[in-house]
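Okay, so the sequence shown: first residue is 12 according to this note's numbering, each after it adds one.
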Amino acid sequence: MASCHGASIVSTTVGQSGWIAAFGPTADPTAPDYSRYSDVTAATNGLFAGGGAAGFLLCMVLFDLIGRKRLIQLGAFVEIIAAALQAGCVPNNLAMSYAARFLSGLSIGMLVTSVPLFQAGLAKPMGRGLEVGFHAMFLVGGYFLLAWIGFGCYFGVSLNFSWRFPLAVLCIPPTALLLVSPWVPFSPRWLFSKGRMDEAWITLAAIHVRGGVAIAGATPPASEAEAVQRFADSASQGRYNVALANEEYRQITDQIAHEKEREASHGNKWQRVLSVPSFRKRLLTGFLVQFGGQPGGPLVINNSSFVIYSNLGMSGWKPFLLIALWLTTAIFWNILGANIMGRIGRRTAMLVGIAACCILVAVEAALTAAFASTDNKVSNGFAISIIFLYLAFQGTLIDCSMYLYVSETFPMQIRAIGNGFSLFGQFAGTRILLQTASLGFQSVGLEILYGHRLLQLRLLLDDLLCLPRNRG
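Structure (structure tokens):
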């Protein structure tokens, strides 16, 4: 949850009367000084996305140096500072607000990249998909929670409280994460790669065996032969969890030894990523998958939802309620997507989802172009229902598939680099779209969504031609 709060809170914050009075000065699209509000929200969203992109690149460099656990701790620490700066920001001090948003994006970039890889490293092989799937569930849960907090704060008697309290809440999840992190183990694979064999074995045994090393053996196997023998002895005694611990130990040590041999003969990971054609293709594939998911509009719609609903005739508390309801339904769609993903395949899910979202947002743009800022309640209501229907396809088919597809695209030796670069593509796309969306809403209205559709149709064509299948 710590890795989503900074991203989710902006959708309701920029609509609070207190925030508008402090940085606005008005959110009325028909007002002559609306351009200042548009410029501020564009910079607020754009700097956050830019910080996220920087966080992903930082992870690519630091993953193997300090490990996932230290990156998570660093990300949580930076998020605490960013949340405190945002909550205590001086009115009209845009430099302070922008710096806080950039730091918030930087922390989110580190956490979003590190947490799922850390979970995968500490999960049993047979439950790894479910464990990592909880990451997406808690992300959506964080969006849901803060949306309802924003809705409740709209009714606060103090204008300052209405926008400062939700930002102050951002301090809670990263603080809790930082406090419990000393008791969280390092990834066994990272420990093995650093030669900390005893510590790695203790962690690996604790993952597989109730009672940890007391049952699995107090010391790691001294050799591959001993690991194989332990596996056979444990399996013959029916102690299959012990056998799995020994087998995974053997697989990890063999893989690390193989990687070191490859480094000695073919250079380090970075040299191989840039020199091996298949690795370069995988990097491009991962980047395009994550970048291509953004023109579908999930973050544009979420972060600009107050502006969108205001243009569709919603005022007062109604936009905040719609934002909260929209994010509440996302939980159901993510659960549904997690359950059907194995049956239809990642590639098929992404292609169908992107095509459906293209059609729906094109219909949305047409309706808003014709009926926005009018009194036609039926058409405006239909436009709002399209936004909810869009989330059904986005949450079920795209959100649940693109992260899994990317993680499965890269072999273990370059997975950290590949995931970091792919998620950099997501925030690079977000940076472009969020920065231009607010300005586009000001100059051409919601018709800016047409431009997003054209970009995504082009990316859909690229996906159809280039994406390999990785089902099975």
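Backbone N, C-alpha and C define an ideal beta-carbon position, used for all residues, glycine too.
Throw me the rounded Cβ distance for the Ile428 and Met71 pair, which I believe falls under 8 Å.
Indeed, because the Cβ distance is near 5 Å, the residues count as touching under 8 Å.
So, at 8 Å on beta carbons, what are the nonlocal neighbours of Arg291 in its own chain, with the 5 sequence-adjacent residues on each side left out?
Within its own chain, the residues whose Cβ lies closer than 8 Å to the Cβ of Arg291, once the five positions on either side in sequence are excluded, are Val284 and Leu285, listed in chain order.
When DSSP labels each residue in this structure, what does Ala225 get in the three-state scheme?
Bear in mind that the predicted position of Ala225 carries a pLDDT of just 48, short of 50, making it unreliable; the figure below should be weighed with that in mind. Three-state result, Ala225: helix.
Mark Ala104 as exposed unless 16 or more other C-beta atoms lie within 10 angstroms of its C-beta, in which case mark it buried.
Checking the sequence, you will find Asn at residue 104 rather than Ala. Label assigned to Asn104: exposed.
Count the other CB atoms within 10 Å of the CB of Asp386; is the residue buried (16 or more) or exposed (fewer)?
exposed
For a test of the three-state rule: what should DSSP assign to Tyr165, helix, strand or coil?
Here Tyr165 sits in coil by DSSP.
Proximity of Phe435 and Phe129 at Cβ, strictly below 7 Å
no
Excluding sequence positions up to five away, which residues of its chain have a Cβ less than 7 Å from the Cβ of Ala439?
Same-chain partners within the cutoff: Ala64 and Phe302.
Length of the line joining the Cα atoms of Ala134 and Arg358:
25 Å
To the nearest angstrom, report how far apart Thr340 and Ser289 are at their CA atoms.
Distance from the CA atom of Thr340 to the CA atom of Ser289, rounded to whole angstroms, is 39 Å.
Check whether the Cβ of Ala131 lies closer than 6 Å to any heavy atom of the ligand SAH, and answer yes or no.
The ligand content of the structure shown is nil, which means the ligand SAH is not present either.
Residue from Thr379, Gly99, Ile370 and Ser418 whose Cα sits closest to the Cα of Tyr401
Selected option, being the one with the closest Cα: Ile370.
So, is Arg112 buried or exposed, given that buried needs 16 or more other C-beta atoms within 10 angstroms?
buried
In terms of residues, what are the limits of the alpha helix (DSSP H) holding Phe421?
Where Phe421 is concerned, there is no enclosing alpha helix (DSSP H), given that its DSSP letter is neither H nor E.
Compare the C-alpha of Leu178 against each of Ser418, Lys271, Val25 and Ala98 and name the closest.
Ala98
Gly350 to Pro422, Cα distance in whole Å?
Reading off the sequence shown, one finds Asn at residue 350, where the question assumed Gly. In a straight line, the C-alpha of Asn350 is about 25 Å away from that of Pro422.
Quick check: the Cα distance between Val417 and Ala53, rounded to an integer number of angstroms?
29 Å
Leaving out five residues before and five after Leu333 in sequence, what residues of the same chain have Cβ atoms less than 8 Å from its Cβ?
Residues of the same chain with a CB within less than 8 Å of the CB of Leu333, apart from the 5 flanking positions on each side, are Ser316, Tyr320, Met325 and Ile395 in chain order.
For the candidate residues Ser118, Leu82, Gly57 and Leu69, whose alpha-carbon lies nearest to that of Ala93?
Ser118
Could you tell me the alpha carbon to alpha carbon distance between Thr186 and Ile91, rounded to whole angstroms?
So the alpha carbons of these two residues sit roughly 7 Å apart.
Leu170 and Ser28 - do their beta-carbons sit closer together than 7 Å?
yes
Could you check if Trp337 is buried or exposed, using at least 16 other CB atoms within 10 Å of its CB as the buried criterion?
buried
Relative to the C-alpha of Phe298, which residue among Ile342, Val372 and Met413 is closest?
Met413
Please state whether DSSP places Gly313 in a helix, a strand or coil.
Note on identity: in this sequence residue 313 is Asn, with Gly being the wrong assignment. Helix.
Proximity of Ile267 and Ser204 at Cβ, strictly below 7 Å
yes
With DSSP run on the structure shown, which of helix, strand or coil describes Trp194?
It is helical.
Check this for me: beta carbons of Leu408 and Val363, under 7 Å apart or not?
yes
Alpha carbon to alpha carbon, how far is Trp30 from Ala217?
49 Å
Cβ pair Phe382, Ser390 closer than 7 Å:
yes
Check each candidate in Val372, Phe404 and Thr296 and name the one with the smallest Cα separation from Ile346.
Phe404
Hey, could you find the ends of the alpha helix (DSSP H) Ser390 is sitting in?
Lys388 to Phe404
Is it the case that the Cβ atoms of Thr420 and Thr296 are separated by a distance below 7 Å?
Between Thr420 and Thr296, the C-beta spacing is below 7 Å.
Are the beta-carbon atoms belonging to Ala335 and Ala158 less than 7 Å from one another?
yes
With C-beta atoms as the reference, is Gly57 less than 7 Å away from Gln446?
Taking a C-beta distance under 7 Å as the contact criterion, Gly57 and Gln446 qualify as a contact pair.
Reference Leu323, options Arg273, Gly153, Gly392 and Val101, closest by Cα
Gly392
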